[in-house]
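Residue numbers (our numbering): -17 to 122.
Structure, rendered in C-alpha cells:
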C-alpha cells in the first residue's frame, strides 16, 4: 500500500509532517553533524546526508586490500580546480590530493592510506565524470 507524505519547514527547528492525511509536528535539533528528531514523545538520533555527502563518505570508507595500488576516483561529476600532489611524492593517509568543484562546493579528496603517487591522471581546470580515475597511489 503506497504511503503519501509531505514534509515542510515551518520556522526555526519546527517542521510539519503529513503522512496519509495525518499531521505531525516535528522538531529537529542539529549539533555536531548529528540530528535529534522529536516526534511527539519520541526522540530519534539521525545523520541527514545529501547525495554529495553520501558519495564522499562512501569514497572515504571504501576498503582497500593491504599492499594494493589505490585509484582515487571522482565521487561525482565536477571540475578539477587544484591538484595538490605530483608523481613520486610520498603521501600519508588523510593528506589532501585533489580538489573537485561540484554544485558550487569544493570537495577535497584525500589519500585513504600511506603511499607514493604513481600517476596523476587528471588535469587542473578540466571537467571529470563520476567514477573517472584521478590519481594512482602505490602502497607504502
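We treat Cβ as the ideally placed atom computed from N, Cα and C, and that holds for glycine.
Sequence ranges, alpha helix (DSSP H) only - wholly within the stretch 12 to 97, length at least 4
As far as the stretch 12 to 97 is concerned, its whole alpha helix (DSSP H) runs of at least 4 residues are 33 to 43.
Within this structure, are the beta carbons of residue 93 and residue 120 separated by less than 8 angstroms?
Contact annotation: residue 93 and residue 120 have beta-carbon atoms that are not nearer than 8 angstroms.
Count the C-beta pairs between the stretch 49 to 63 and the stretch 80 to 94 that are closer than 8 angstroms, then say yes if the count reaches three, no if not.
A contact is defined here as three or more CB-CB pairs under 8 angstroms, and the stretch 49 to 63 meets this definition with respect to the stretch 80 to 94.
Leaving out five residues on either side along the sequence, give the residues of the same chain with a beta carbon under 8 angstroms from the beta carbon of residue 89.
Counting only Cβ-Cβ distances below 8 angstroms, and skipping sequence neighbours, we find 34, 38, 57, 58, 60, 81, 82, 83.
Can you tell me the Cα-Cα spacing of residue 95 and residue 65, whole angstroms?
The alpha-carbon atoms of residue 95 and residue 65 are separated by roughly 18 angstroms.
DSSP three-state call for residue -16: helix, strand or coil?
Residue -16 falls in the coil class under three-state DSSP.
Please state whether DSSP places residue 103 in a helix, a strand or coil.
Three-state result, residue 103: coil.
7 angstroms CB neighbourhood of residue 115 in its chain, flanking five on each side removed
Here residue 115 has 53, 55, 103 as same chain residues with Cβ atoms under 7 angstroms from its own Cβ, once five neighbours each way along the sequence are excluded.
Can you name, in chain order, every residue of its own chain whose Cβ lies under 6 angstroms from the Cβ of residue 109, other than the five neighbours on each side?
Residues 61 of the same chain have their beta carbon placed closer than 6 angstroms to that of residue 109, with the five preceding and five following residues left out of the count.
Proximity below 8 angstroms, CB of residue 25 to CB of residue 17
No.
Can you name the start and end residues of the beta strand (DSSP E) that residue 120 belongs to?
Where residue 120 is concerned, the enclosing beta strand (DSSP E) stretches over 115 to 121.
Residue range of the beta strand (DSSP E) that residue 126 falls in?
Residue numbering for the chain in the displayed model covers -17 to 122; residue 126 lies beyond these limits and cannot be assessed.
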